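S.K.:
Protein chains in written order, with the numbering used here: chain A, 6 to 218; chain B, 29 to 505.
Here is the structure:
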């Protein structure tokens, strides 16, 4: 493990905070895209060169760094919306909780029974912290687009953990998972588009017709 | 041959996308689902050996799910021809293509022996169902679709993390790294216990939310309530089986490790909680499609209880999986007909369905009796076997609670179903175009016949298959 990879992981952690603390949706999308690109370059740094690894690198950067952000930006433009208003969990509380989760992730990761070659790496705490930040965004925001971003952050966290397994995961499985993610975001984009047409807003707290009396 | 199960429906999906005409496109569905049923039958009789790398194989558990899903899908696609002819104004290109892609994905779930591949296929089934739930294109259906997409996507992402943990437990234990089922089962006892434990919990939560086990079932009433009856039938009878199969794969690994007992206890608890939730929410439910959703929560609960009891109950649980999917098919299809005939699914307006749609109403009533466990229908047999196994194992509390919940659910469901079927037709009811006709009545009628036959006679090959499958889960050695 080299120091460059560690620096990239620290950058990933900082990006979590950028997403947690901003109300501007387009900015959040770019943050998550940058995180996706960082995530895509990591396998190249952690593992020795092979066709398998280079395929993963290229496809992750393409999907997480370009295609998915483009789909979400398009949904934002169609819905004509720029900001998240009055989230369920405010920005300052989100940041504080994010900091709390990140420090807990470090304490937790130190106690995990990792394989000897993975001990002392930043990957596991970064994965756990990103996952929790994703949950926080998913639970704490009203707008459908923010919820998609939270889901993406969560997925990024899971992919980070997957770095430990890059040798173990067959290419087909990686590619299939990425394809599922891409199609998932595509479908979510369409649904968001319909929500904004139907309700003239993408505030998911308005989706409340189906409550149990 | 095995790949035909997946490729054939995909071909059908491409074809249905290309057909320009709404009326003719519908016929692609029965043609390809019948072909798929044929291939399934051939594979059941004459199963090819596992693929060289071991990724693809049809084991007894897979066979059971394949059988249930293929039959249900064929019936639904025949029904679709009749149903969609009432709804020609709405474009059905996306519906037909998604249905067939979904069939392909469910087949892939059934034949995959690699947990990563299984995960991909399961996620694909989740995604293809989204446009189907949204078929009616109104505010309520989009709300349901959004909740479904978000909850199931997050659930299945958690399952992916669980799979990563499982793979990592092989690395820590210095075993050969693999997510192939046979090698996982072989090494299960040697895997690192901490990571294995975490993996089981995450996989249970992930696949449990896809299956709709309480308390992870919150998307179910909305999705089942707003989707067309045909889609509801596939969700409750088909996709539930796929998620269950994923859970059974985890169960196989758990049973081979030292944690089988713990896994069973958690399943037992979740199963009973699901039945309790269903019993509470089923009472005074004014929307009869949502009521069916809670019935689905109940029945995944019943299956989970059977898995939790283990031993003899495993046979009954697997039998119940098949019975549940066939009976749910009848319930959803007949209630879809009633919904069309009254243009409402609220018990406030829908009364006296026997007058307006005698066949559908009679089927709905019969399927209600079947699903609540009345003899001589098939679910009675499986539910009886589960209860008797619970008492036989000395697990009296489980048996007693099980019976109590069944009784409560029977009362709750009857208080909704009976007025819908038997009451007086409200005088100021709006006119509708739909009345019972052969294309929309015969498919559920055929399914109901099957439920009745299975209630009095289980063919020997099916019994053998159920026993083999139960043995894979560690029951009746």
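We put the beta carbon where it would ideally sit given N, CA and C, even for glycine.
Only a predicted model underlies this, so the values are computations on that prediction, with no experimental measurement involved.
According to DSSP, simplified to helix, strand and coil, what is residue 331 (chain B)?
M.R.: Residue 331 (chain B): helix per DSSP, three-state reduction.
S.K.: Can you name the start and end residues of the alpha helix (DSSP H) that residue 142 (chain A) belongs to?
M.R.: 128–145 is the span of the alpha helix (DSSP H), which, as asked, contains residue 142 (chain A).
S.K.: Please classify residue 142 (chain B): does DSSP put it in a helix, a strand, or coil?
M.R.: It is a strand residue.
S.K.: Let me see if you follow: with CB-CB separation under 7 Å, is residue 106 (chain A) close to chain B or not?
M.R.: No, residue 106 (chain A) lies away from the interface with chain B (no Cβ there is under 7 Å from its Cβ).
S.K.: Compare the C-beta of residue 50 (chain A) against all C-beta atoms of chain B and say whether one is closer than 7 Å.
M.R.: It does not: the Cβ of residue 50 (chain A) has no partner Cβ on chain B nearer than 7 Å.
S.K.: Using Cβ-Cβ distances below 7 Å, what residues of the region 170–189 of chain B are close to chain A?
M.R.: Those would be 170, 171, 172, 173, 174, 177, 178, 181, 182, 185, 188, 189, in chain order.
S.K.: Going by DSSP, what residues sit across from residue 315 (chain B) in a beta bridge?
M.R.: According to DSSP, residue 315 (chain B) bridges with B:374.
S.K.: Flag residue 375 (chain B) as yes if its beta-carbon sits less than 7 Å from any beta-carbon of chain A, otherwise no.
M.R.: No - not a single Cβ of chain A is within 7 Å of the one on residue 375 (chain B).
S.K.: Looking at chain A, is there any beta carbon in it that lies within less than 7 Å of the beta carbon of residue 437 (chain B)?
M.R.: By this cut-off, residue 437 (chain B) is not an interface position.
S.K.: Using the beta-carbon of each residue, which ones in chain B are nearer than 8 Å to residue 152 (chain A)?
M.R.: Within 8 Å Cβ-Cβ: 178.
S.K.: Closer than 7 Å, CB to CB, is residue 200 (chain B) near chain A or not?
M.R.: True, the Cβ-Cβ gap to chain A drops below 7 Å.
S.K.: Under 8 Å, with one C-beta from each stretch per pair, do the region 197–206 of chain A and the region 169–184 of chain A reach the 3-pair mark?
M.R.: Counting Cβ pairs under 8 Å, fewer than three are found: no touch.
S.K.: Would the beta-carbon of residue 14 (chain A) fall within 7 Å of that of residue 131 (chain A)?
M.R.: It is a contact, given that the beta carbons lie within the stated cut-off.
S.K.: Using alpha carbons as the reference points, say which of B:352, B:214, B:449, B:62 lies closest to residue 384 (chain B).
M.R.: Comparing Cα-Cα distances from residue 384 (chain B) to each of B:352, B:214, B:449, B:62, the minimum goes to B:449.
S.K.: At which residues does the alpha helix (DSSP H) containing residue 441 (chain B) begin and terminate?
M.R.: Where residue 441 (chain B) is concerned, the enclosing alpha helix (DSSP H) stretches over 424–450.
S.K.: Could you compute how far the alpha carbon of residue 113 (chain B) sits from the alpha carbon of residue 54 (chain B)?
M.R.: So the alpha carbons of these two residues sit roughly 9 Å apart.
S.K.: Report the residue from B:178, B:338, B:278, B:388 whose alpha carbon sits nearest the alpha carbon of residue 422 (chain B).
M.R.: Among B:178, B:338, B:278, B:388, the Cα nearest to that of residue 422 (chain B) belongs to B:338.
S.K.: Do you know how far the Cα of residue 90 (chain B) is from the Cα of residue 505 (chain B)?
M.R.: With a pLDDT of only 47 at residue 505 (chain B), under the threshold of 50, the placement of this residue in the model should not be trusted, and no figure is reported.
S.K.: Taking a contact to mean a Cβ-Cβ separation below 7 Å, would you say residue 342 (chain B) touches residue 240 (chain B) in this structure?
M.R.: No, the Cβ-Cβ distance between residue 342 (chain B) and residue 240 (chain B) is not below 7 Å.
S.K.: Specify whether the region 213–220 of chain B and the region 244–261 of chain B touch according to this definition: at least 3 beta carbon pairs, one from each stretch, less than 8 Å apart.
M.R.: Segments in contact, no.
S.K.: Identify each residue in the region 355–388 of chain B for which the Cβ-Cβ distance to at least one residue of chain A is less than 9 Å, and report them in chain order.
M.R.: Here the close residues number zero.
S.K.: Thinking just about the alpha-carbon of each residue, which of B:289, B:373, B:347, B:458 is nearest to the one in residue 491 (chain B)?
M.R.: Among B:289, B:373, B:347, B:458, the Cα nearest to that of residue 491 (chain B) is on B:347.
S.K.: Could you tell me whether the Cβ atoms of residue 221 (chain B) and residue 131 (chain B) are closer together than 7 Å?
M.R.: In this structure, residue 131 (chain B) does not lie closer than 7 Å to residue 221 (chain B) by Cβ.
S.K.: Indicate whether the contact test is met: 3 or more Cβ pairs, each with one atom in the region 192–208 of chain B and one in the region 158–175 of chain B, closer than 8 Å.
M.R.: With a cut-off of 8 Å, the region 158–175 of chain B and the region 192–208 of chain B do not count as touching, because too few Cβ pairs lie within range.
S.K.: Can you tell me which of B:443, B:497, B:382 puts its alpha carbon nearest to the alpha carbon of residue 453 (chain B)?
M.R.: When each option's Cα is compared against that of residue 453 (chain B), the closest is B:382.
S.K.: Exposed or buried, what is residue 35 (chain B) when buried is set at 16 or more other beta-carbons lying within 10 Å of its beta-carbon?
M.R.: Counting Cβ neighbours within 10 Å, residue 35 (chain B) comes out exposed, since fewer than 16 surround it.
S.K.: Taking DSSP as the reference, what is the three-state secondary structure of residue 208 (chain A)?
M.R.: Note: residue 208 (chain A) maps to strand in three-state DSSP.
S.K.: Could you confirm whether any beta carbon from chain A is found closer than 7 Å to the beta carbon of residue 155 (chain B)?
M.R.: Output row for residue 155 (chain B): interface = yes.
S.K.: In chain B, what lies closer than 7 Å to residue 193 (chain A) by C-beta?
M.R.: By Cβ distance, chain B contributes 177.
S.K.: Check the Cβ of residue 152 (chain B) against every Cβ in chain A and list those closer than 7 Å, keeping chain order.
M.R.: Within 7 Å Cβ-Cβ: 185.
S.K.: Mind checking which residues open and close the alpha helix (DSSP H) that includes residue 159 (chain A)?
M.R.: Where residue 159 (chain A) is concerned, the enclosing alpha helix (DSSP H) stretches over 149–167.
S.K.: Of all the options B:333, B:56, B:494, B:472, which has the alpha carbon lying nearest to the alpha carbon of residue 356 (chain B)?
M.R.: Nearest option by C-alpha distance: B:472.
S.K.: In terms of residues, what are the limits of the alpha helix (DSSP H) holding residue 250 (chain B)?
M.R.: Residue 250 (chain B) -> alpha helix (DSSP H) spans 247–254.
S.K.: Is it buried or exposed for residue 193 (chain A), if we count other Cβ within 10 angstroms and need 16 for buried?
M.R.: Residue 193 (chain A) comes out buried.
S.K.: With DSSP run on the structure shown, which of helix, strand or coil describes residue 117 (chain A)?
M.R.: Residue 117 (chain A): coil per DSSP, three-state reduction.
S.K.: Nearest-angstrom Cα distance between residue 139 (chain B) and residue 23 (chain A)?
M.R.: Roughly 43 Å between the two C-alpha positions.
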